[in-house]
Structures are given as C-alpha cells and as structure tokens.
Amino acid sequence: MIVDILWTIGLVILFIILAVILYKLFRASLRVVPEERRLVVYRLGRFNRVAGPGLVFVLPVLEQVVRMLEVRDHPLEVTVPGIFAYGVPNDLTLDLWCSFDLVRAAGGNKVKLAQLVQINEGERRKQVEVKMREALVHQVADLEKHKPLPQGSTPLDGVIALAPGTERHNLLLAGVKTELEKTLPSVGVILNTTQPITLTGRVIPDVIIDAIKRLQGRQIDSKWLTKYANDLRQQFPDISSAVLDQMLASIDGVDVGNVQRLRLEQDEASEAHVELEVPMGEDESPTVVAKPKVRLGNSSEAESRPAAAREPRPKPAPTAASSGPSKSDWSVLKQVPRVNEREQRKSA
Amino acid sequence: MPTSPVSRYGANFRRDEIELIIRFAQRGDSLALVGLAGIGQSNLVNFLRQIHQHASQLGQDVSRLHFPVVDATYWEGTPLSLWKIMLDALNQASAQFSPPPEPQKIIPISEEERVLNMIRSRLHWLCTDLGQRVMIVLDDFDEVLQAGPLSMLERLNGFRSEGHRDALSYLVLTKRLPHLLGQSYNLANASKFYDLFRHHIYALEPYGAEDAHQMLKHLNEAAGSPLREKDLAEIRQLAGGHPLLLKAVFELWAAEGMTGVNPLTYLAEQPDVQQECRRILQGLHPEEQAVLIRAARNALTDADQAVVNHLVRRGVLTADTHKLFSPLLDQFLTDYEG
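Protein chains in written order, with my numbering: chain H, 78 to 425; chain G, 30 to 367.
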C-alpha cells in the first residue's frame with residue numbers, strides 16, 4: 078500500500094519536472110520578432126533561414142538564433158575621402174536611405190543569403206563605403222569625360238563644377254544613385270530609390286583653398302575690384318577715399334598691406350592721395366598708388382557723375398594723427414561704482 | 030620657485046570691478062575697462078578665468094558664467110588669427126563639459142569660414158544647448174581696435190546677434206579709450222560692436238590699499254619674509270597701487286635694502302622702475318601723456334581740464350590736488366626728457 082503511494086507521488090513529481098522542462102523549452106523556442114527585425118537561424122551549425130517578422134518557432138536544441146538583423150529603412154551618411162574631381166581632391170559626404178534587407182538583396186538565392194548573413198553590421202557599413210567610393214570614382218570619370226571643363230580652367234572652376242545645384246552636381250548624384258541601386262545588394266543592402274541621395278558635406282584641402290584665394294586676388298585686382306569700386310562711387314558719390322580704402326581692404330584677396338602702407342605714406346607725405354588707378358583696357362590690372370589727385374573709373378564714367386561728386390574730392394576721414402580728440406571724447410570714461418557709493422545709494 | 034601660503038588674491042580682490050563684471054555678464058551686457066599698462070589686467074583676467082574656484086568668496090552663484098580669454102598679444106594682424114585665438118579660448122573655457130557636438134556639415138569656402146563656423150557652433154552649444162552665460166574677455170585689445178578692419182570687429186556683434194543676445198557679452202580691456210583707438214575708421218559712429226559697450230566704458234584704477242597690501246604680503250611670503258610691515262607700507266605708498274611698480278620696487282627693496290638712502294630718489298633712478306614708468310607713459314594717448322607731464326611739473330593749464338578730469342577718473346591723478354597716484358611716477362615724469 079505504502080509502496081503504491083510512493084510510486085504515485087514519484088510519478089507525479091517526475092511528470093511535473095518534465096512538464097516544467099518542456100514548458101521552458103517551448104518558451105525558449107518561441108520568439109516574437111518585430112516588423113523591423115529578422116532572426117538568422119542556424120540548424121546544427123549551418124545556415125537555415127532568416128525568420129520573422131511575427132511569431133517564430135525555433136526548434137529546441139537543433140536550432141540556434143545566431144544574429145538579429147535590423148531591416149528598417151534608415152538614413153546612412155557616408156564620407157568618402159580623396160575623390161579627385163576636375164583636378165580637385167574632395168572629401169565628399171553623401172546621405173542616402175537604405176535597408177539591410179538580406180532576403181531581398183539575395184533575391185531568393187539561398188547560398189548568397191548564407192554568405193550575406195555572415196557579414197556583421199560594421200563590415201556591411203564598411204562595404205557600403207567601398208561601394209560608394211567605387212560609384213563616385215566611376216561617375217566622376219564619366220562626368221569628366223562627357224562634361225569636361227574648358228581649356229585653361231583653374232582649381233576654382235574645379236570647385237565650382239560640383240557646387241550644389243549645378244548641372245554636373247545633379248548628374249553626378251543621379252549617376253551614383255543608379256550605380257548604387259545595382260551594386261549595394263551584393264553586400265546585402267537595398268537602396269531606397271524613392272529618397273534622393275544628397276551631398277551633405279564637401280571638404281576641400283587648405284592648399285586648394287589657398288590656391289583659389291591667390292587666384293581670387295588676381296581676379297579681384299583686374300576686373301572685379303574695378304567694377305566694385307566704380308559701383309561704390311556711383312552709389313555713394315560723397316564717399317571718402319579713406320572709407321573706400323577701408324571697404325576695399327576688407328575684401329578677401331585685396332592686398333590690405335599695400336592699401337594701408339600707401340595710406341600711411343599719404344599721411345606723412347601730405348598732399349598725396351591713395352588712389353585706385355583704373356586702366357582703360359579690360360585686361361590690364363588696376364593698381365593702388367599714391368597720387369596728388371584721385372581718378373577713379375574711366376574718364377567718361379567720371380564725367381557722367383554729378384559735378385559736385387567730382388570736384389572737390391571728399392577729404393579723407395580724420396585720423397588720430399591729424400586731429401586730436403575733442404572734450405567730449407574725454408568724457409566717456411566712468412569710474413567703477415564703489416561699494417560705499419552703492420550702499421549710500423541704497424540707503425538713500 | 031618658492032610658493033607662498035598667502036593667497037595672491039585677497040578676499041575682496043578688485044571687489045567692485047568683479048561685481049560689476051559679473052552683473053554685466055549675467056545680464057548679457059558688454060563693457061570695457063581702460064587701465065594703465067601694468068595696472069593688473071592680467072591678474073583680473075586670471076581671476077575671471079578661475080572664477081568658479083572663487084565662488085564662495087564672491088558670495089553669489091557664478092556656476093553658469095564663463096570667461097573665455099582672447100589674448101590679443103598673440104594676434105597676428107589677420108581676422109583668421111583672431112578667430113583662431115577665440116576658438117581656442119572657447120574650447121578651454123568649455124573643457125569642463127562633455128565634448129561639443131560636431132559642427133553642422135557644410136561646405137567651407139575658406140579656412141576663415143571654417144573657423145567661424147566652429148565658433149558659431151561652440152557658442153550655440155554653450156549658450157543655447159547648455160544654457161550658460163559667456164562673457165568673452167578681449168584682453169590687451171588696443172592693437173586690434175587700432176588696426177581693424179571694421180568688418181572683422183562687426184563679426185563680434187554678429188555672433189551675439191545669432192540668438193545669443195542675453196547669453197553672450199564682451200569685456201574689452203584696453204590701455205586707451207576704444208573710440209580713440211578706432212578713430213581712423215570711425216569706430217565710434219560706424220560700429221555696432223562699439224555700440225555694445227559705448228555707454229559702459231569704465232576705468233580700471235590702481236589697486237586700493239587692501240589689494241596692494243595683499244599683493245605685497247604674497248610677494249614677501251614667497252621671498253621668505255625679508256621685509257617688515259613698515260617697509261611694505263612704504264612701498265605701497267611709493268608705487269601707489271600699481272601692481273608692476275609694486276613688484277619692481279619690492280624686488281629692489283628686498284634685494285638691496287634701503288638703509289641710509291632716500292627711497293624715492295634712489296628707486297626713481299633704478300632702470301627697472303624707470304622702465305615700468307616708461308611703459309605706463311607710452312601706453313597713454315599722446316594728449317594724456319602731455320597733460321600728465323605737465324601735471325607732474327605743476328604746469329597744468331585751463332585747456333587741460335577735460336583731460337585732467339579724465340585722468341582723475343582713471344585714477345592717475347588725485348581729484349583734489351591733481352597729483353600723480355605714485356610719487357615714483359611723478360618723479361619720473363618730472364625728469365622725463367622724451
């Protein structure tokens with residue numbers, strides 16, 4: 078009798094233990110996978126499938142989840158350094174939308190899918206950079222072939238060629254998009270073609286910027302500065318030479334030192350003026366020189382201005398050396414309020 | 030280098046000036062301080078740089094105040110070099126915070142534009158994202174104001190106009206009046222940057238008795254206490270609270286003693302003292318120099334009245350007798366043959 082009871086109890090305990098084990102195995106085998114994720118399932122050490130989204134059953138003991146993939150569509154910013162375009166090295170940053178959807182990328186090829194799942198996310202991002210570089214190199218070469226710059230172009234033209242909004246810029250990005258659409262699936266990435274690829278950053282080395290600055294300086298000397306100075310004179314007929322010099326000197330590329338040196342010479346040498354000498358021919362460079370009389374613009378332009386604006390010339394702004402401070406100049410300084418004063422004021 | 034347990038800054042170091050600066054910084058207002066060469070601008074700047082360490086002594090909350098120091102002695106004469114110094118100063122002043130966010134990715138057209146973008150990004154991060162108050166100290170700014178150009182200085186106003194009016198301000202430290210320095214390009218009438226502080230130009234006067242005594246005590250302790258209180262009091266009286274004169278006189282006194290000589294006559298002839306006096310004089314506007322020399326020689330005229338009043342406010346001349354603040358400087362100017 079007692080033996081029967083013990084048997085029964087033992088069987089019940091065994092049943093409970095088995096039930097718990099089975100329940101735990103069952104729980105561990107069931108996974109709820111969100112919409113934007115997928116599970117990479119291996120069976121007995123070999124790739125079996127990419128499962129999800131929704132309820133996924135993984136065979137206990139036999140199957141393992143080795144990786145969880147994120148397949149949502151997301152923006153990706155990639156910087157590709159050292160892309161030579163029209164003779165100018167560029168570090169280009171492109172922004173695109175894509176998903177790491179391996180199943181779509183493999184296109185039903187299970188062997189290909191097995192290869193793709195072995196690449197981790199960091200490696201995949203690196204591969205996107207490689208594909209991006211390849212696309213940029215191909216498309217820039219193509220662009221340079223079909224849309225070359227004219228003979229004698231400068232680094233500045235090379236920089237401007239790919240400025241946002243230009244035809245070359247748009248063609249380049251369109252070409253890159255088409256190429257990436259084809260090449261990215263090979264690394265498990267699907268490009269979202271409904272979103273544009275955008276150039277969000279472009280860094281040009283300092284040496285190129287310096288070269289452009291030097292070039293700008295030359296261009297400003299020859300045409301731009303002349304036009305700018307004439308425009309200023311016409312717009313503000315009463316503008317003084319000193320103010321004009323100051324405005325010209327503030328332009329990047331204008332030789333500030335030369336303007337200031339001549340201004341100093343003028344102060345010392347009395348009658349002389351700093352003057353912008355504009356040549357008649359367009360190709361000759363204007364110069365800034367010390368002269369007894371100012372002439373700006375060609376003669377017809379000068380004569381077309383009102384007489385009052387031509388003669389007499391406005392005097393240069395007074396300098397510290399030429400006129401001393403007035404009484405009011407010395408009255409601006411205040412004393413720091415002292416504690417006693419403040420306390421007195423408070424009590425008052 | 031021996032160290033002294035006596036603090037370099039007394040409990041009330043430049044109390045009125047510091048309170049004024051803090052009040053302006055908290056309101057986002059700018060001001061200028063005009064002081065003689067060697068009047069202690071550097072000490073004031075160092076104090077502001079370490080203001081969080083002095084919070085308890087100040088008795089007010091300065092935890093959100095920051096004073097990046099743009100030391101214009103390193104300025105190389107170009108806007109780019111000024112922006113680089115400013116960026117370094119901002120980086121140093123904000124080092125206590127986590128690294129700033131990367132500036133917005135844009136296509137820089139020049140090195141200057143790149144540095145300006147970084148400054149804008151740092152200021153936005155400090156003033157807007159972190160809610161801090163920033164008063165940029167433009168130290169030793171005479172040369173910059175004198176050289177311009179105006180467009181460079183207007184950028185300083187521009188930084189403030191980009192949404193930081195209440196949080197960003199400037200403290201301009203010069204030896205001469207700012208609008209006289211920028212006279213060649215009409216700073217006073219053409220500059221919005223000058224408008225920021227045109228009504229808040231204050232004199233940085235020589236040390237008061239307490240600060241001068243604290244400085245001498247500090248020097249004396251550091252040198253192994255060679256001088257007595259009586260000697261220190263006499264040094265203070267001769268140098269008149271001018272920090273570099275105090276230091277020069279203290280060092281001479283400690284090295285040579287003053288037994289059997291008239292300290293005033295002896296010290297006035299020493300090259301170190303004369304050099305300091307010359308620096309003070311040369312830091313002034315030519316008209317200030319002329320009036321000061323006439324004051325030392327009791328030869329002031331009625332026409333000097335405006336400049337005399339100005340020099341009184343600077344603390345260089347006494348209000349009642351129009352005597353110089355330092356007998357040593359007085360002696361130097363009396364004998365001056367420049």
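Built from N, CA and C at the ideal position, the CB exists for glycine as well.
For chain G, is any of its Cβ atoms less than 8 Å away from the one on residue i?
| i | result |
| --- | --- |
| D406 (chain H) | yes |
| V143 (chain H) | no |
| D168 (chain H) | no |
| P414 (chain H) | yes |
| L410 (chain H) | yes |
| P402 (chain H) | yes |
| I93 (chain H) | no |
| D283 (chain H) | yes |
| I286 (chain H) | yes |
Please check if any C-beta of chain H sits within less than 8 Å of the C-beta of residue i.
| i | result |
| --- | --- |
| S33 (chain G) | Because S33 (chain G) sits at a pLDDT of 48, beneath the cut-off of 50, its placement in the model cannot be relied upon, and the following sentence gives the value as read from the coordinates. No - not a single Cβ of chain H is within 8 Å of the one on S33 (chain G). |
| I230 (chain G) | yes |
| N338 (chain G) | yes |
| H208 (chain G) | yes |
| R343 (chain G) | yes |
| V63 (chain G) | yes |
| S139 (chain G) | yes |
| A335 (chain G) | yes |
| H316 (chain G) | One detail in the question is off: residue 316 (chain G) reads as Glu in this sequence, not His. At least one chain H Cβ lies under 8 Å of E316 (chain G). |
Would you say residue i and residue j are within 8 Å of each other, going by their C-beta atoms?
| i | j | result |
| --- | --- | --- |
| V138 (chain H) | V118 (chain H) | no |
| Y199 (chain G) | S59 (chain G) | yes |
| G265 (chain H) | V165 (chain H) | no |
| L208 (chain G) | L216 (chain G) | In the sequence under discussion, the amino acid at residue 208 (chain G) is His, which differs from the Leu named in the question. Their beta carbons are under 8 Å apart, which means H208 (chain G) touches L216 (chain G) by this criterion. |
| F222 (chain G) | L182 (chain G) | yes |
| V148 (chain H) | F177 (chain H) | yes |
| A324 (chain G) | L353 (chain G) | yes |
| I80 (chain G) | V63 (chain G) | no |
| D240 (chain G) | L202 (chain G) | no |
| D219 (chain H) | G242 (chain H) | no |
| N47 (chain G) | L94 (chain G) | Inspection of the sequence shows that residue 47 (chain G) is occupied by Ile rather than by Asn. No, the Cβ-Cβ distance between I47 (chain G) and L94 (chain G) is not below 8 Å. |
| A297 (chain G) | R265 (chain G) | no |
| L171 (chain H) | V205 (chain H) | no |
| A196 (chain G) | V163 (chain G) | yes |
| E280 (chain G) | G67 (chain G) | no |
| V98 (chain G) | A84 (chain G) | no |
| A162 (chain H) | L239 (chain H) | yes |
| D45 (chain G) | P414 (chain H) | yes |
| I281 (chain H) | L250 (chain H) | no |
Would you mind sorting residue i into buried or exposed? The rule is 16 or more other CB atoms within 10 Å of its CB.
| i | result |
| --- | --- |
| A332 (chain G) | exposed |
| K113 (chain G) | buried |
| M145 (chain H) | exposed |
| Q82 (chain G) | exposed |
| Y214 (chain G) | buried |
| G199 (chain H) | exposed |
| M78 (chain H) | exposed |
| V155 (chain H) | buried |
Between which two residues does the alpha helix (DSSP H) carrying residue i extend?
| i | result |
| --- | --- |
| D168 (chain G) | That residue, D168 (chain G), is in no alpha helix (DSSP H); its beta strand (DSSP E) goes R162 to D168. |
| C175 (chain H) | No alpha helix (DSSP H) holds C175 (chain H); the beta strand (DSSP E) holding it covers V165 to S176. |
| I160 (chain H) | Careful: I160 (chain H) lies outside any alpha helix (DSSP H), inside the beta strand (DSSP E) at H151 to A162. |
| S198 (chain G) | No alpha helix (DSSP H) contains S198 (chain G), which is instead part of the beta strand (DSSP E) from L197 to T203. |
| V214 (chain H) | E198 to H223 |
| D333 (chain G) | Note, D333 (chain G): premise wrong, no alpha helix (DSSP H); not H, not E. |
| L60 (chain G) | It is not in any alpha helix (DSSP H) - L60 (chain G) instead sits in the beta strand (DSSP E) that spans L60 to G64. |
In the DSSP assignment, the beta strand (DSSP E) including residue i goes from what residue to what residue?
| i | result |
| --- | --- |
| I47 (chain G) | Looking at the DSSP string, I47 (chain G) is not in any beta strand (DSSP E); the run it does join, the alpha helix (DSSP H), is R44 to R56. |
| H83 (chain G) | Note, H83 (chain G): premise wrong, no beta strand (DSSP E); not H, not E. |
| M145 (chain H) | E140 to E147 |
| F124 (chain H) | R123 to A128 |
| S220 (chain G) | Careful: S220 (chain G) lies outside any beta strand (DSSP E) and carries neither H nor E. |
| T277 (chain H) | T275 to V280 |
| V117 (chain H) | R114 to R120 |
| Y100 (chain H) | Segment I79 to S106 is the alpha helix (DSSP H) holding Y100 (chain H); no beta strand (DSSP E) there. |
| G131 (chain H) | G131 to F134 |
| Y231 (chain G) | I230 to L233 |
Name, going along the chain, the residues of the stretch 40 to 59 of chain G whose beta-carbon falls closer than 7 Å to a beta-carbon of chain H. R44, D45, E46 and L49
Members of the stretch 239 to 268 of chain H that neighbour chain G once the beta carbon cut-off is set at 9 Å: A240 and P241
So if I threshold CB-CB distances at 9 Å, which residues from the stretch 207 to 241 of chain H count as touching chain G? V236, A240 and P241
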